[in-house]
Structures are given as structure tokens and as C-alpha cells.
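Visitor: First the structure, then my questions, so here it is.
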Amino acid sequence: MPAVKTVRKKSTTKQSSATSSKKTNPIKSKSTQTAGNHRAQAVQSVLNQYRNQKNVGVVYTDLKTGKTATINGDRMFYAASVAKLPVVAYVQHAIVTGKISWTTKFTYADAANALPNAMISGGTGTLQNENHQGKSYTVMDLTQRAIEQSDNQASNQLLYHVAHANEQDFKQYLQSTIGSKTYSKTMNAMQVNRVIIAVWQQKQKASTWLEQTNWKHDKIGTLPVTVAHKIGINGAANNDTAIVVSRHQFALTIMTDGWSDAQIAKLAQQIYAVAK
1 MPAVKTVRKK
11 STTKQSSATS
21 SKKTNPIKSK
31 STQTAGNHRA
41 QAVQSVLNQY
51 RNQKNVGVVY
61 TDLKTGKTAT
71 INGDRMFYAA
81 SVAKLPVVAY
91 VQHAIVTGKI
101 SWTTKFTYAD
111 AANALPNAMI
121 SGGTGTLQNE
131 NHQGKSYTVM
141 DLTQRAIEQS
151 DNQASNQLLY
161 HVAHANEQDF
171 KQYLQSTIGS
181 KTYSKTMNAM
191 QVNRVIIAVW
201 QQKQKASTWL
211 EQTNWKHDKI
221 GTLPVTVAHK
231 IGINGAANND
241 TAIVVSRHQF
251 ALTIMTDGWS
261 DAQIAKLAQQ
271 IYAVAK
């Protein structure tokens, strides 16, 4: 009988300890959520100052809590080179799932530049200046150029050889990531914010390349912390989407029609001041 009491006593002690542990986690979680709510509300207060401006769409997401703030988040904008990100995200998805690897090689295809929603074959990037006919390029080389140089032709090769070659899987990936099966250079801030978060959370090479683009100190990149971002410019379209690596990491997308770099930077700094 004493042996039975001893067993019961130990069992009770363990159960009590486990119960105590379970009680502390929700408290910490609630505290984190509350702080996240406060930051999102503060960001929303900043954004509300721009509520009457129709030529800007902004989405902020706290990466720890998922709390968001937005204005015109579902308004469609011409994304320009920001539209390279869904392709990059799918390329990394294809790597993670074993369809391809970073060292997979593809022969340059002229047909890539004629795909619907392909980037113009000129513009930025070094691939256009090379004698690339019949030459093969690794997925790593093409992806790095597409991000760091915003190389249009490199992005087109990835769209052709990876996304278009696995069209149904690409559509399913887009649906699960941005809520649409259609790849388009017209996107809203909510879709763009989701896709840069997806790229970041894949924890692949693109995250580092986004920190060292040729425009790393422009727009959202003017913030005094590490910023992994992708800009897109074409005519009046002036966009930036970023992961801001501050104490409280957050994703920020600013899509505009007619804004200057300085205007985007000012808004980013206002948001950072209350969200960092």
C-alpha cells in the first residue's frame, strides 16, 4: 500500500508540473499577441492618414503574430519587376519538393521572352548583353540575377523552364500562396505581401539575395536595419515589397502609381517608427 501511495504522489507531482508549464505558455502567447495588436494598430493609424489616396496600396504584416494593417490592400497595380517574386517563390518550392536543384541547368530559350506575362527582354540585367544562344545556365545563376539585378531575361527563363513547364503545379502553388491561379504582372499589395513572406519563410538562397540587390538602399531600403526587398519600376508604377529585419520583423508592401522613391521611403519610415 505505501508503494501505491508513492507512485500516486510522483504521478501527481509530474502532472502538476506539466499543468504549470501549460499555464505559462498561453500567457506568453497572449502577451505576444497583445503587443502585436498594438503595433498593427499603430501602423493602421499611420496608414489612415493616407486613406483618401487611391494611387497607393499598402499591407503590413507582423511576422511573429500575423497581425496586419492595410489601405487599398486589394487594389490592383502594375507590379513591374515585383512580379518576378511569384516565379522565384515557385522555383524555390520546386527545389524544396525535389523537382529541380540549384545546380539544374537549362539551355537558353528564345521562346521564354514571348510567353504571356513575360518581362520585356530589355530593361535591367546582364543576360541580354551575353552571347547566350545555345548556352546553359544554372537555376542558381538565373535566380540570383533575377533578384539582385532584376534581370528580365533571367526571370523569363525561370518562368519558361520551371513555372511554365510545370503549369498545373505552378497554378496550384499560386492559388495556395496568393489566392489566384493566374500569374500576372498586375497584382495587389496583399498578394505581393503574401509572396514575399512565402519566399522568406522558405529559408532558401533568395532571402540573402533580396538583401543585396542593386537597389538595396532605395525606398524601403532606406530604413536603418537589414531589409530584404524587391522593387518594381515601370513608368508611373513604383513599388517595393520587403521583409524588415527589425526587432519585431515585419513584411511591408507599398504599391503605387505615380509616387516618388522619397514618398515611399517616408511612409516606410513612418511605419518603422511604430512597428520596430
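First residue of the sequence shown? That's 1 in full-length UniProt numbering, and the numbers climb one at a time after it. All C-beta atoms, glycine included, are put in the ideal place defined by N, C-alpha and C.
What is the rounded straight-line gap between the Cα of Gly66 and the Cα of Ala112?
Guide: So the alpha carbons of these two residues sit roughly 37 Å apart.
Visitor: Taking all protein chains shown into account, do 16 or more other C-beta atoms lie within 10 angstroms of the C-beta of Thr126, making it buried, or fewer, making it exposed?
Guide: With fewer than 16 Cβ atoms within 10 Å of its Cβ, Thr126 is classed as exposed.
Visitor: Rounded to a whole number of angstroms, what is the C-alpha to C-alpha distance between Ile175 and Val87?
Guide: Residue identity differs from the one stated: residue 175 is Gln in this sequence, not Ile. Distance between the alpha carbons of Gln175 and Val87 is about 13 Å.
Visitor: Could you check where the beta strand (DSSP E) with Ile254 kicks off and where it finishes?
Guide: Per DSSP, Ile254 belongs to the beta strand (DSSP E) from Phe250 to Thr256.
Visitor: What is the rounded straight-line gap between the Cα of Lys205 and the Cα of Val139?
Guide: Using only the alpha carbons, I get a separation of about 11 Å.
Visitor: Once you ignore the five residues that flank Thr32 on each side, which residues in its own chain have a CB closer than 8 Å to its CB?
Guide: Hits under 8 Å: Lys64 and Thr65.
Visitor: Quick one, which of Gln157, Gly134 and Glu130 has its alpha-carbon nearest Leu142's?
Guide: For Leu142, the nearest C-alpha among the options comes from Gln157.
Visitor: Using the C-alpha atoms, what's the distance from Ala89 back to Thr182?
Guide: Thr182 and Ala89: Cα-Cα distance of roughly 14 Å.
Visitor: Considering only residues of the same chain and omitting the five flanking positions on each side of Ala35, which have a CB-CB separation below 7 Å?
Guide: Excluding positions up to five away in sequence, the list is empty.
Visitor: Helix, strand or coil for Val227 per DSSP?
Guide: DSSP places Val227 in strand when its eight states are reduced to three.
Visitor: Under three-state DSSP, which class holds Ile243?
Guide: Of the three classes helix, strand and coil, the one that applies to Ile243 here is strand, per DSSP.
Visitor: Please state whether DSSP places Asp218 in a helix, a strand or coil.
Guide: Three-state result, Asp218: coil.
Visitor: Drop a sphere of 10 angstroms on the beta-carbon of Ala236, count the other beta-carbons inside from all chains shown, and report buried for 16 or more, exposed for fewer.
Guide: So Ala236 counts as exposed.
Visitor: On the three-state DSSP scale, how would you describe Ile62?
Guide: Note that residue 62 is Asp in the sequence shown here, rather than Ile. If DSSP states are grouped into helix, strand and coil, Asp62 belongs with the strands.
Visitor: What does a CB cutoff of less than 6 Å around Ala242 pick up in its chain, not counting 5 residues either side in sequence?
Guide: If we look at Ala242 and ignore the five residues flanking it on each side, its Cβ neighbours are Ile220, Val227, His229 and Leu252.
Visitor: I'd like to know if the segment 68-81 and the segment 190-197 are in contact, where contact means that at least 3 CB-CB pairs between them fall below 8 Å.
Guide: Output reads yes: the segment 190-197 touches the segment 68-81.
Visitor: In the structure shown, what three-state DSSP assignment does Ile71 receive?
Guide: Strand.
Visitor: According to DSSP, is Met190 part of a helix, a strand, or is it coil?
Guide: Looking at Met190 - three-state DSSP - the assignment turns out to be helix.
Visitor: Note down the Cα distance separating Ile233 from Asp261, rounded to an integer number of angstroms.
Guide: Roughly 10 Å between the two C-alpha positions.
Visitor: Evaluate the contact criterion for the segment 152-171 versus the segment 119-136: three or more CB pairs, one atom per stretch, below 8 Å.
Guide: Segments in contact, yes.
Visitor: Taking Gln172 as the reference, which of Asn55, Lys30, His93 and Arg39 has the closest Cα?
Guide: Among Asn55, Lys30, His93 and Arg39, the Cα nearest to that of Gln172 belongs to His93.
Visitor: So the candidates are Asn52, Thr61 and Lys30; which of them puts its Cα closest to the Cα of Ile271?
Guide: Cα-wise, what sits closest to Ile271 is Thr61.
Visitor: Rounded to whole angstroms, what's the CA-CA distance from Val56 to Ala165? Just pull it up for me.
Guide: Rounded to whole angstroms, Val56 to Ala165 spans 34 Å at the Cα level.
Visitor: Around the C-beta of Lys185, are 16 or more other C-beta atoms found within 10 angstroms, so that it is buried, or is it exposed?
Guide: It is buried - the Cβ of Lys185 has at least 16 other Cβ atoms within 10 Å.
Visitor: Sort Gln263, Ile231 and Ala198 by Cα distance to Lys216 and report the nearest one.
Guide: Selected option, being the one with the closest Cα: Ile231.
Visitor: I'd like the span of the alpha helix (DSSP H) that includes Thr177, first residue to last.
Guide: From DSSP, the alpha helix (DSSP H) with Thr177 extends over Glu167 to Ile178.
Visitor: Using a Cβ-Cβ cut-off of 6 Å (strictly less than) and excluding sequence neighbours within five positions of Gln202, which residues of its own chain qualify?
Guide: Closer than 6 Å at Cβ, skipping near neighbours: Gln92.
Visitor: Given this structure, state the Cα-to-Cα distance separating residue 310 from Ala42, to the nearest angstrom.
Guide: Given that the chain is displayed from residue 1 to residue 276, the structure contains no residue 310 and the question cannot be resolved.
Visitor: Helix, strand or coil, according to DSSP, for Asn37 in the structure here?
Guide: Asn37 falls in the helix class under three-state DSSP.
Visitor: Taking buried to mean at least 16 other C-beta atoms within 10 Å of its own C-beta, is Asn239 buried or exposed?
Guide: Asn239 is buried by the Cβ-count criterion.
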